[in-house]
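Number 179 in our numbering belongs to position 179 of the sequence shown; there are no gaps in the numbering. Using N, Cα and C, we set each Cβ at its ideal position, and we do this for glycine too. None of the values given here were measured: they were computed from a predicted structure. Please read the structure below before turning to the comments.
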Amino acid sequence: MKFGVFLPNGSNGYLITKAIPPYLPTWELNRDVTLEAERQGLDFVLSMMKFRGFGGETGFWDACMESFTLMASLAAVTDRIGLVPTTTILALHPAYVARMMATLDDVSDGRAALNIVTGWNKPEYKQMGLWRGDAYYEQRYEYALEYVQILRALWREGRVTHKSPFFDLEDCSCLPTPEHEIPIISAGQSNAGRRFVAQVGGHNFVMAPPERVHALAADLDSLGAETGQDVATYALLHLVAEETDAKAEQVCADIVAGGDIGAIQTMIASAQLDTVEDGTTEQLRRSGAQELLGGDAEEANMAFMGIPAIVGSYETVARKIDALATDPNVAGILFSWPDWVSGIRRFGERVIPLLECRRGWDPERDGGLRGAGRRPA
Ligand SMILES: Cc1cc2nc3c(=O)[nH]c(=O)nc-3n(C[C@H](O)[C@H](O)[C@H](O)COP(=O)(O)O)c2cc1C
1 MKFGVFLPNG
11 SNGYLITKAI
21 PPYLPTWELN
31 RDVTLEAERQ
41 GLDFVLSMMK
51 FRGFGGETGF
61 WDACMESFTL
71 MASLAAVTDR
81 IGLVPTTTIL
91 ALHPAYVARM
101 MATLDDVSDG
111 RAALNIVTGW
121 NKPEYKQMGL
131 WRGDAYYEQR
141 YEYALEYVQI
151 LRALWREGRV
161 THKSPFFDLE
171 DCSCLPTPEH
181 EIPIISAGQS
191 NAGRRFVAQV
201 GGHNFVMAPP
211 ERVHALAADL
221 DSLGAETGQD
231 VATYALLHLV
241 AEETDAKAEQ
251 VCADIVAGGD
261 IGAIQTMIAS
271 AQLDTVEDGT
281 TEQLRRSGAQ
291 ELLGGDAEEA
301 NMAFMGIPAI
311 VGSYETVARK
321 IDALATDPNV
331 AGILFSWPDW
341 VSGIRRFGER
351 VIPLLECRRG
361 WDPERDGGLR
371 GAGRRPA
């Protein structure tokens, strides 16, 4: 069971709350989080990319450090941990990203994987003149598929000709090619998003409570069996672990009580523009239709950005993680912490030693994102 850190490279991390004083994403914070994760034997760090925040009293995600430059700098100060930058495919041409990944592959000596983000939030791209029109909502994984085909051709051959309504590359050259295979990650949760992962092969990160994670993982496994691709599912979860269940529940209650309604409403308003009906934005829209901060934190509460939380004492959270890990289709968990460095340290020192699913784990041998799938390619 692999463990990753969803890096806080956007302001206030992944909690839309006034319970934690607002903070800016800095190099110092992201470096310290990554070094602590490496020290505690965690397997990878993933940075996201958002070009427009959701404001509110906390200025949620109004600032966001650029993902590739951050990961390259982290590669230079770490030795072992896997590194995952995010490409926002509407903003970055694949020939440019192919080259950045070849560079990161070299700097990190083969520790890099790539998160493909199609973009669901029109205002983010419209402000830069990069929105392709509202038809893009439904076309986004067709666009992503061609994008990955171009990346892989460039990584393999160092050149490509690819002509389509989306792209026009004529004997495009891109050298050096990377020395190592670059795993592909996508957090598409809609049917089209998961079909895309099954087509290209790779790791699907989903934002759902455990029972739904099991269902999505089983479905992806069947899709992968149809396409013959190596696929795996990862759960995105908050971790709120304290000495006692009561203390952890109090931390959650404070986060919910401090929910930043203005920022949450702006996020939901953006999600309401998306015409795709079976993805993550549908979950956000559903939250908007209910009492805004009424959801159970372990299922989906908007103060937690709708990301389910694992809550409890160190023993309780270990039990819950082991329960999720019994599913052979769930290859790992990407965590967010309310208190980054100390949370990761306590996870490493107090929770990991209790976990059945990490017995015999060797971060050197088992870390990173290579080989996390369930079937050979
Ligand atoms: C782990 C994780 C990382 C994500 N990173 C980003 C990101 O950096 N930028 C972004 O705009 N969306 C990001 N998303 C959103 C997804 O890429 C995707 O657009 C969303 O889940 C909607 O899925 P769908 O397109 O299948 O409906 C992320 C989601 C998850 C679960």
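DSSP state of residue i mapped onto helix, strand, coil
| i | result |
| --- | --- |
| residue 362 | coil |
| residue 214 | helix |
| residue 330 | strand |
| residue 51 | coil |
| residue 374 | Note on residue 374: pLDDT 45, under 50, position unreliable in the model; the coordinate value appears next. Of the three classes helix, strand and coil, the one that applies to residue 374 here is coil, per DSSP. |
| residue 255 | helix |
| residue 133 | coil |
| residue 288 | helix |
| residue 64 | strand |
| residue 424 | Summary: the structure shown does not reach residue 424, with the chain confined to residues 1 through 377, and so no result is reported for it. |
| residue 12 | coil |
| residue 307 | coil |
| residue 369 | coil |
| residue 321 | helix |
| residue 29 | helix |
| residue 70 | helix |
| residue 145 | helix |
| residue 154 | helix |
| residue 223 | helix |
| residue 293 | coil |
| residue 236 | strand |
| residue 97 | helix |
| residue 105 | helix |
Residue i beta carbon near ligand 1 (any heavy atom closer than 7 Å)
| i | result |
| --- | --- |
| residue 2 | no |
| residue 305 | no |
| residue 205 | yes |
| residue 122 | no |
| residue 192 | yes |
| residue 189 | yes |
| residue 48 | yes |
| residue 236 | yes |
| residue 233 | no |
| residue 347 | no |
| residue 60 | no |
| residue 334 | yes |
| residue 119 | yes |
| residue 132 | no |
| residue 279 | yes |
| residue 44 | no |
| residue 68 | no |
| residue 12 | no |
For residue i, the residue or residues it bridges with in DSSP
| i | result |
| --- | --- |
| residue 162 | 169 |
| residue 202 | 231 |
| residue 121 | Residue 121 is not bridged to any residue. |
| residue 88 | 117 |
| residue 4 | 44, 334 |
| residue 17 | 259 |
| residue 312 | 241 |
| residue 83 | 45, 112 |
| residue 185 | 115, 203 |
Residue environment, residue i, which counts as buried when at least 16 other CB atoms sit within 10 Å
| i | result |
| --- | --- |
| residue 135 | exposed |
| residue 278 | exposed |
| residue 94 | buried |
| residue 365 | exposed |
| residue 96 | exposed |
| residue 250 | exposed |
| residue 24 | exposed |
| residue 359 | exposed |
| residue 56 | buried |
| residue 118 | buried |
| residue 228 | exposed |
| residue 317 | buried |
| residue 77 | exposed |
| residue 39 | exposed |
Closer than 8 Å to chain C by CB, residue i
| i | result |
| --- | --- |
| residue 22 | The question asks about chain C, but that chain is absent: this structure has only one protein chain. |
Pair every Cβ in the region 169-178 with every Cβ in the region 92-105, then say whether three or more of these pairs are closer than 8 Å. yes
Assess contact between the region 220-234 and the region 260-272, defined as three or more Cβ pairs (one per stretch) separated by less than 8 Å. Is contact present? no
Segment contact flag, the region 126-134 with the region 55-69, C-beta cutoff 8 Å, min 3 pairs: no
Closer than 8 Å is the cut-off here; do at least three beta carbon pairs connect the region 103-123 with the region 269-285? yes
Are there three or more Cβ pairs, one per stretch, closer than 8 Å when the region 332-341 is compared with the region 26-34? yes
Is it true that the region 36-52 meets the region 279-294, where meeting means three or more beta-carbon pairs spaced less than 8 Å apart? no
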